[in-house]
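Chains A, B, C and D, in that order, give the protein sequences. For the first sequence, my numbering begins at 95 and goes up steadily by one. For the second sequence, my numbering begins at 95 and goes up steadily by one. For the third sequence, my numbering begins at 8 and goes up steadily by one. For the fourth sequence, my numbering begins at 8 and goes up steadily by one. Okay, so here's the structure we're looking at.
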Amino acid sequence: MSEPVALKLTAKDFKSDQEVRWCPGCGDYAILAAVQGFMPELNIPRENIVFVSGIGCSSRFPYYMNTYGMHSIHGRAPAIATGLSVSRPDLSVWVVTGDGDALSIGGNHLIHALRRNVNLKILLFNNRIYGLTKGQYSPTSEVGKITKSTPVGSADAPFNPLSLALGAEATFVARTIDSDRKHLQSVLRAAAQHEGSAFVEIYQNCNIFNDGAFDPLKEPATRDDFLIRLEHGQPITFGAGGQFCVVHPPGGFGLEVRETANTPVEEIVVHDAGVADPAYAFALSRLPGLDLSNTPIGVFRSVDRPSYDSVVQEQVAAAKATVDRTPEQQLAALLGSGDTWTIL
Amino acid sequence: MSEPVALKLTAKDFKSDQEVRWCPGCGDYAILAAVQGFMPELNIPRENIVFVSGIGCSSRFPYYMNTYGMHSIHGRAPAIATGLSVSRPDLSVWVVTGDGDALSIGGNHLIHALRRNVNLKILLFNNRIYGLTKGQYSPTSEVGKITKSTPVGSADAPFNPLSLALGAEATFVARTIDSDRKHLQSVLRAAAQHEGSAFVEIYQNCNIFNDGAFDPLKEPATRDDFLIRLEHGQPITFGAGGQFCVVHPPGGFGLEVRETANTPVEEIVVHDAGVADPAYAFALSRLPGLDLSNTPIGVFRSVDRPSYDSVVQEQVAAAKATVDRTPEQQLAALLGSGDTWTIL
Amino acid sequence: MTKQIRQLDRVVIRFAGDSGDGMQLTGDRFTSETAQLGNDISTLPNFPAEIRAPAGTLPGVSSFQVHFADYDILTPGDAPNVLVAMNPAALKANLADLPRGADIIVNTDEFTRRNLAKVGYAASPLDDDSLAGYAVHPVALTSMTIGALAEHDVSKKDAERAKNMFALGLLSWMYSRPYESTLRFLERKFAARPELVAANVAAFRAGWNFGETTEDFAVRYEVKPAKMLPGTYRNITGNAALSLGLVAAGVRSGLPVFLGAYPITPASDILHELSRHKKFGVVTMQAEDEIAAVGAALGASYGGSLGVTTTSGPGVALKSETISLAVALELPLVIVDVQRAGPSTGMPTKTEQADLNMALYGRHGEAPVAVIAPKSPADCFHAALEAARIALTYRTPVILLSDNYVANGSEPWLLPDVESLPDLRVEFATKPNGEDGTTFLPYLRDPQTLARPWAVPGTAGLEHRIGGLEKADKTGDISYDPANHDFMVRTRAARIETIPVPDVEVEDPDGDARVLVLGWGSTYGPIGAACRGLRQRGLSVAQAHLRHLAPMPANLGEVLGRYDKVVVPEMNLGQLAHVIRAKYLVDAIGYNQVRGLPFTAAELETMLEEVLKNV
Amino acid sequence: MTKQIRQLDRVVIRFAGDSGDGMQLTGDRFTSETAQLGNDISTLPNFPAEIRAPAGTLPGVSSFQVHFADYDILTPGDAPNVLVAMNPAALKANLADLPRGADIIVNTDEFTRRNLAKVGYAASPLDDDSLAGYAVHPVALTSMTIGALAEHDVSKKDAERAKNMFALGLLSWMYSRPYESTLRFLERKFAARPELVAANVAAFRAGWNFGETTEDFAVRYEVKPAKMLPGTYRNITGNAALSLGLVAAGVRSGLPVFLGAYPITPASDILHELSRHKKFGVVTMQAEDEIAAVGAALGASYGGSLGVTTTSGPGVALKSETISLAVALELPLVIVDVQRAGPSTGMPTKTEQADLNMALYGRHGEAPVAVIAPKSPADCFHAALEAARIALTYRTPVILLSDNYVANGSEPWLLPDVESLPDLRVEFATKPNGEDGTTFLPYLRDPQTLARPWAVPGTAGLEHRIGGLEKADKTGDISYDPANHDFMVRTRAARIETIPVPDVEVEDPDGDARVLVLGWGSTYGPIGAACRGLRQRGLSVAQAHLRHLAPMPANLGEVLGRYDKVVVPEMNLGQLAHVIRAKYLVDAIGYNQVRGLPFTAAELETMLEEVLKNV
Ligand SMILES: Cc1ncc(C[n+]2csc(CCOP(=O)(O)OP(=O)(O)O)c2C)c(N)n1
Ligand SMILES: Cc1ncc(C[n+]2csc(CCOP(=O)(O)OP(=O)(O)O)c2C)c(N)n1
Ligand code: SF4
Ligand code: SF4
Ligand SMILES: [Mg+2]
Ligand SMILES: [Mg+2]
């Protein structure tokens with residue numbers, strides 16, 4: 095195969111002619127800009143890229159991308175995208191979904207897409223609220239959340255989307271945040287390179303119904319101390335001056351935060367997204383506190399497993415390889431297989 | 095509250111008048127017998143027990159229990175049981191489901207019931223196949239499984255039901271096996287005592303479509319070396335003479351099996367189902383090999399978290415406590431609330 | 008300056024502005040003042056489509072229409088007499104609906120070049136003659152409000168925000184509304200921030216005074232109270248009335264109400280409302296999806312609650328399989344479908360009546376359910392009670408077909424006397440019903456209602472199993488017997504078909520009409536208004552309106568037979584007409600519009616006049 | 008001993024035994040032998056309900072009925088002339104279906120006290136006179152088989168298992184069947200275990216020879232070949248034919264077939280069959296549920312595959328919301344519903360036609376789709392091609408309503424010439440279609456078909472977005488415009504209504520019939536047979552059968568108008584009759600049975616005779 099030709103696309107090439115209609119200040123704008131800015135890097139012709147979404151504010155996304163796109167129905171994007179991806183391995187298929195779309199009504203399709211390792215890049219815009227239906231709690235809202243549908247507080251514990259994905263055998267799991275374009279793009283890059291399902295949770299601010307949900311991760315006063323930036327192969331330290339670090343106390347299964355100054359270097363966990371056992375990434379996913387302290391962002395896990403698409407296509411290819419007739423001849427043979435008899 | 099009266103029920107009291115209609119030799123018989131044998135222990139009047147199932151061979155279960163029961167529709171038992179349990183906290187509600195029923199079509203309801211911690215005892219009969227529809231692969235079938243719907247082998251990785259449950263925030267997770275009545279009953283006992291969702295995977299042999307799926311865990315030649323019996327507070331050792339043990343290698347996140355003889359006692363993991371961090375139970379859930387070696391059975395995790403039912407009922411109770419009028423008076427006040435005007 | 012006072016019998020006002028301008032609240036307040044005065048009222052909000060569009064754009068326009076009169080009215084009005092346009096977008100979006108001569112009050116402060124450009128105005132319509140033919144009142148609403156609040160201790164943003172109260176004050180003055188309730192309302196609303204109470208009250212007064220003093224408003228209007236039945240009233244939307252109806256059903260049945268719901272426009276408000284009534288023992292559960300929502304409701308019904316699920320079309324589609332189970336289980340279940348424009352996601356904020364077919368036929372197998380529809384916002388209360396009554400008495404799923412028009416529209420509601428509401432008490436089975444005195448037969452039916460016993464878990468001695476497989480008559484055991492299946496299928500059909508429902512009433516004051524207009528659901532208002540219009544012009548026409556779509560009233564066939572022509576206006580492609588034709592072999596003519604909007608009385612009147620000419 | 012040979016024109020044989028007795032295979036082999044001989048054939052298996060019941064019980068009985076004749080036949084026969092009963096349960100379960108005088112061949116070895124007790128026989132019916140009136144042939148099938156295999160190197164269990172081949176040998180002798188194909192079959196089946204080939208062949212020969220020698224079977228029968236069109240035939244079930252039709256649609260369209268399916272009785276076999284045809288580029292995906300299955304199929308259609316989903320009623324209910332999306336997206340999609348008895352889980356192994364309503368009306372909003380139904384097992388092949396043709400040409404979901412009766416029944420199928428199959432090639436959009444030569448308008452329609460362009464991802468320059476919200480005409484942009492919505496709703500309806508479908512043909516050989524029998528789907532056989540019966544008795548009756556339920560044939564109204572009475576037999580409570588009444592205002596009379604079983608020709612004949620009497 096020859097080197098791919100550089101297509102020289104720009105972010106502008108990925109802007110559709112549709113007026114963007116999120117509330118002013120919505121985190122979705124930043125994500126859109128980041129995605130549009132990242133797309134040229136892929137060096138994939140626009141026509142070979144498809145965005146499939148469900149329903150929700152976030153799910154309006156495909157309309158704004160000048161690629162192929164489908165704004166489908168609530169929760170079903172992973173299923174629809176699976177059919178597309180499996181039947182068209184030549185395409186780059188992206189799913190855009192919300193915390194309600196992906197984890198509430200669409201939970202089953204999501205976990206099955208991950209288990210199958212369908213070649214989808216799944217971007218979950220997590221604003222911990224239902225935006226489009228005007229502010230009910232979502233499966234990622236904190237316990238006791240007061241919303242229109244829970245006037246005295248929600249009664250149920252939220253999902254941790256990354257834990258759920260890992261429990262569902264995901265091969266690529268990452269988290270990023272709307273406000274940090276560079277980081278967001280670095281995660282998109284890793285996701286795009288992954289063969290199989292790449293699950294990316296993006297913390298997104300809904301300034302109308304759940305404003306400030308991720309402020310501790312954004313405000314100058316707290317963000318450095320709260321955010322843990324995972325870098326493959328690097329010891330996990332954080333804080334403005336790297337004063338905190340993550341250790342794996344012997345005997346325990348989880349991770350803990352320590353002061354770097356008082357911790358022997360060799361005790362600091364060195365991040366390795368490629369560990370085969372998901373237990374490590376799972377432990378990472380449990381690190382954040384309710385106040386969002388110790389929130390890792392970056393690629394938690396990225397391991398190889400054949401994608402569903404590739405296995406299915408190989409099976410078809412293998413069967414086709416045995417064929418030495420025209421489809422019509424083959425069909426005639428198939429129709430006439432089994433016990434036949436002839437009347438003259 | 096006074097001591098409960100001993101009801102003196104027997105297994106026979108829990109047998110309904112319906113003819114049991116599984117294939118001869120089906121593992122479901124053993125589970126039925128074990129459950130019927132266990133029920134009297136609960137000392138709950140039969141009328142306060144409800145079995146709700148979906149569709150599948152396993153889901154015929156309620157018909158054979160002389161309690162209240164509903165054989166509902168495919169995959170929906172957790173949702174239906176949730177409505178029943180939340181509205182009737184006085185009942186003991188059990189869900190019986192299969193690997194297809196719970197993890198394929200019903201996956202979403204299952205993970206949400208677990209996240210909510212609804213007060214349900216969920217028994218998943220895992221035979222790693224669709225029995226009732228005559229032998230298609232299921233979400234727990236091994237990769238490459240050849241079945242009617244996958245004549246050249248299935249392309250997708252299975253779920254690990256326990257990992258999935260843990261990723262979905264389950265508070266109680268256990269595994270047992272049809273052939274070991276004593277163990278099965280011990281797990282039922284623990285599940286029954288748990289307030290909230292208790293998720294129990296039961297390995298069940300389908301002798302028609304997937305015979306022998308769990309033979310390594312049953313055959314005298316292998317079972318002792320393959321099965322790890324978890325006992326709360328006990329070091330995890332197994333093998334006929336306890337010659338194997340489970341350790342948590344420093345630095346790693348998973349668990350490994352060693353020879354007991356060569357392992358310092360203090361390195362052997364002492365099982366603690368009560369660890370708050372699910373990372374431990376998750377690590378346990380990843381232990382088995384594809385050949386079923388190192389398969390833990392018993393209670394992996396059992397931690398306290400308020401059940402959804404209890405929080406909902408407390409909210410209702412708190413609101414009701416403020417009431418000092420008859421429902422009719424209250425209703426009249428409600429109808430007449432807001433801006434009203436009177437025409438004479 | 009003393010102003011001329013002119014009497015009107017009815018007025019339609021539309022408040023329109025940007026989503027952020029508080030038009031819904033303004034309209035609500037004006038409605039409330041009007042209600043206090045004793046006019047009959049009908050209102051209709053018009054929300055922007057689901058996403059908050061950038062300020063000042065056409066998709067961001069939000070409006071609220073109120074129709075009030077000194078007689079009983081049936082609709083929010085076809086065309087506004089007055090448009091309050093808070094910005095250019097609001098003007099542009101609504102102008103087409105105004106009849107010539109209508110008053111337009113515009114907030115000139117917002118007619119900046121930038122705002123005009125946003126909606127494609129090259130020049131300001133206030134400056135050219137494009138609004139000739141309308142009575143345009145340019146008012147610098149924003150700046151006058153800010154000016155009026157100069158001395159107040161509020162931010163500029165808060166001051167600016169109060170401009171809707173200025174507009175309300177002005178309109179209240181124009182139509183001589185009593186404003187005490189608004190002052191009280193502001194006190195309640197901003198209780199935590201007294202400075203805002205003061206500011207908003209001041210803005211309101213400034214608007215009022217502006218009307219009083221400016222020369223532009225030379226006339227003040229009065230609309231006398233309507234003659235209404237004595238009693239206490241409140242203004243209520245369909246969704247609120249429906250919610251209260253469900254609470255009332257709980258009280259009158261003595262059963263806890265269990266609502267399983269998944270949010271969806273335009274049904275979510277019922278979930279919101281019911282979740283506030285826990286003290287009635289109402290349990291609400293926001294489920295993970297629509298299937299879980301109806302499943303949980305059914306589970307609760309099995310346990311002895313009144314199980315309810317609320318949704319819109321896409322949700323009903325998802326619930327079909329579970330509704331079919333409820334048909335087989337023969338348990339009470341109320342499914343509320345607040346219809347919106349389809350297919351698929353369609354136009355979620357727009358109205359339509361196109362789910363009737365699905366309600367009647369949208370399940371696999373022979374799976375009949377009862378179907379009813381409210382005819383107006385306040386009627387939603389009674390329809391909800393009726394749905395509960397049928398569900399509880401006949402142990403059947405009932406689909407209640409509301410729609411966006413009744414759900415969000417409002418009208419005065421004569422508060423019912425609680426004791427006069429239907430008694431919905433049911434008896435659970437408590438003991439064996441078999442001939443031997445010990446057996447319990449879960450499918451032994453009441454010979455009258457054909458309902459099976461409702462034996463809830465917890466009842467000793469009645470332990471039994473039910474399920475979705477075909478059941479043997481009486482015992483409920485699994486049965487594959489051909490004759491039993493045929494019998495059960497027919498019995499389930501008969502159970503619905505034989506539910507006694509009130510006869511349909513025909514309104515034909517002249518008594519000699521040859522054309523019958525038959526409607527169902529939310530078209531009641533426009534059809535009624537159209538018929539009135541015709542009669543006022545000396546034409547005879549009969550109107551009948553169906554609340555019960557399944558089963559249909561026993562006298563319907565006879566009624567249909569009396570007329571030469573039957574016209575069925577529907578906001579779909581003719582779904583009721585189809586059923587009427589099939590059942591009664593009557594050549595019912597559909598008049599259909601599927602525009603996401605209610606019919607206007609005027610267009611129906613024109614259409615009917617045409618029909619009358621040709622009989 | 009030489010045996011008498013008697014000629015018969017037709018025979019119905021039912022093989023019945025325990026699930027483990029191999030009755031389906033026995034019936035299949037007998038059918039194949041019969042096919043080789045050139046008789047016309049129709050078969051019907053009857054599986055036990057979903058769970059394998061304990062051996063020897065009534066619910067465990069499995070049977071296979073084959074009807075063969077020297078003329079063309081239409082059904083598997085109302086009542087068996089011969090019953091082979093491998094055990095007491097098989098006798099008891101089937102006896103009621105036998106006419107007096109029928110032959111009963113029983114395996115006496117299984118009439119043990121224990122087995123008799125299992126099914127509630129106090130004494131052996133072979134010993135009392137309860138079978139007087141039948142020609143009972145007691146045969147010690149098991150022991151004779153074991154005896155015959157004494158010298159063979161097989162286990163006792165394997166020997167005993169071969170008893171079905173003994174029975175087949177005996178029946179093959181009785182009806183003078185050519186058995187070469189069976190011998191070949193056994194060689195193939197047990198290729199890996201030659202000792203089993205030998206044993207089964209020996210058992211077969213032993214059965215044959217037993218017939219030849221025993222006195223109990225004095226007569227041997229012959230049924231001459233039927234006159235059939237020349238060509239090559241195979242015997243085929245509906246599910247197999249439907250699967251092949253889908254493969255053929257892939258070949259003839261040049262598109263890959265993508266099947267998204269979730270297993271469900273009685274549709275699973277289509278998934279099984281299609282998953283074996285990967286070399287045609289067919290991709291099958293067993294999805295996590297029905298919603299995912301149809302979603303994946305739709306996604307594949309979007310990508311340029313022929314998206315197909317196969318299921319039964321409960322699955323269609325779950326798919327409704329997605330089908331509604333497909334209506335909005337205007338993409339090809341074939342939904343196969345192999346109907347079974349409902350509502351809810353119902354009787355999954357039994358047949359019914361009660362999903363017609365759901366197919367026509369079971370979606371929210373105005374969401375019309377095309378609906379077609381095959382009339383016989385072999386016709387499933389052509390119906391599948393026709394469904395694909397409509398889906399591809401008109402870019403619409405098509406629901407194909409098969410049912411358990413056609414799906415599992417079989418008949419001889421004249422293999423079509425592949426080149427004569429319809430050409431299903433479609434053109435994807437490849438370049439802009441806007442007037443400016445650069446814009447792509449995804450909803451600009453073909454004026455003829457009203458189909459929109461199918462622009463698949465990967466096509467440079469046609470990047471566009473589609474979705475479930477209402478779309479502006481031509482551009483496909485999101486639109487809330489009332490007039491546009493009305494236009495789009497009507498256009499989608501017209502797109503289905505104007506699909507040209509062949510005129511319905513009326514079979515009225517006498518030309519003077521006053522009664523028309525109208526059917527659809529799998530009732531074709533029994534209705535046809537009943538009409539023949541009437542005509543043979545000199546009565547005139549006309550038959551018309553609908554393949555297209557939506558849209559209906561253009562001439563249907565005219566056809567209906569020609570007759571004094573229209574009778575519509577259906578295995579539901581009158582769903583087609585309802586539509587006919589509504590559309591054509593014809594007083595169609597339903598004849599309805601909902602027993603989970605196909606009509607018998609005899610009962611239809613009796614009913615029709617009654618009707619004819621009263622015109
Ligand atoms: C079947 C169905 N059910 C419900 C809805 C209503 N609905 C639309 S979006 C949504 C949830 C949106 O939340 P999320 O996925 O978090 O997206 P966000 O708006 O927050 O980006 C709901 C409940 C729908 N459109 N379809
Ligand atoms: C909506 C719906 N889809 C599909 C089916 C068919 N079906 C019944 S049971 C079953 C799977 C059974 O597998 P599992 O849950 O593992 O139970 P098992 O029979 O193995 O105990 C399927 C696909 C159905 N009854 N309803
Ligand atoms: S409601 Fe929230 S998520 Fe939706 S567009 Fe507005 S700010 Fe964004
Ligand atoms: S098919 Fe399998 S799971 Fe079902 S009853 Fe038979 S042995 Fe048990
Ligand atoms: Mg959200
Ligand atoms: Mg299973």
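Where is the CB? At the ideal position from N, CA and C, for every residue including glycine.
Listed in chain order, the positions of the region 157-191 of chain B with a beta carbon within less than 8 Å of a beta carbon of chain A would be empty, since no residue qualifies. With respect to the 8 Å criterion, Arg-195 (chain D) and Pro-245 (chain B) are not classified as neighbours on the basis of their beta carbons. Residue burial annotation: Glu-477 (chain D) is buried, with at least 16 other C-beta atoms found within 10 angstroms of its C-beta. Ile-12 (chain C) counts as exposed, since fewer than 16 other beta carbons sit within 10 angstroms of its beta carbon.
Checking the DSSP bridge columns, you'll see Thr-389 (chain A) partnered with A:Leu-321. Shortest Cα-Cα distance from His-74 (chain C) to any of C:Asp-430, C:Gly-306, C:Ser-417 involves C:Ser-417.
Residues of the region 232-245 of chain A with a Cβ closer than 8 Å to any Cβ of chain B, in chain order: Pro-233.
For Pro-381 (chain C), there are no neighbours in chain B by C-beta distance under 9 Å, as the nearest C-beta there is about 17 Å away. Chain A has a Cβ within less than 8 Å of the Cβ of Ser-275 (chain C).
Taking 8 Å as the threshold, the shortest C-beta distance from Tyr-269 (chain D) to chain B falls below it. If you ignore the 5 residues before and after Ala-76 (chain D), its C-beta comes within less than 7 Å of the C-beta of Asp-16, Arg-17, Asn-46, Asp-47, Val-230, Ala-233, all in its own chain and listed in chain order. Asp-386 (chain D) and Thr-329 (chain D) have their C-alpha atoms spaced approximately 28 Å apart. Of the residues C:Thr-9, C:Ala-398, C:Leu-278, C:Asn-579, the one whose Cα lies closest to the Cα of Val-496 (chain D) is C:Asn-579. For Ala-415 (chain B), there are no C-beta contacts with chain A under 9 Å, since the nearest C-beta of that chain is about 13 Å from it.
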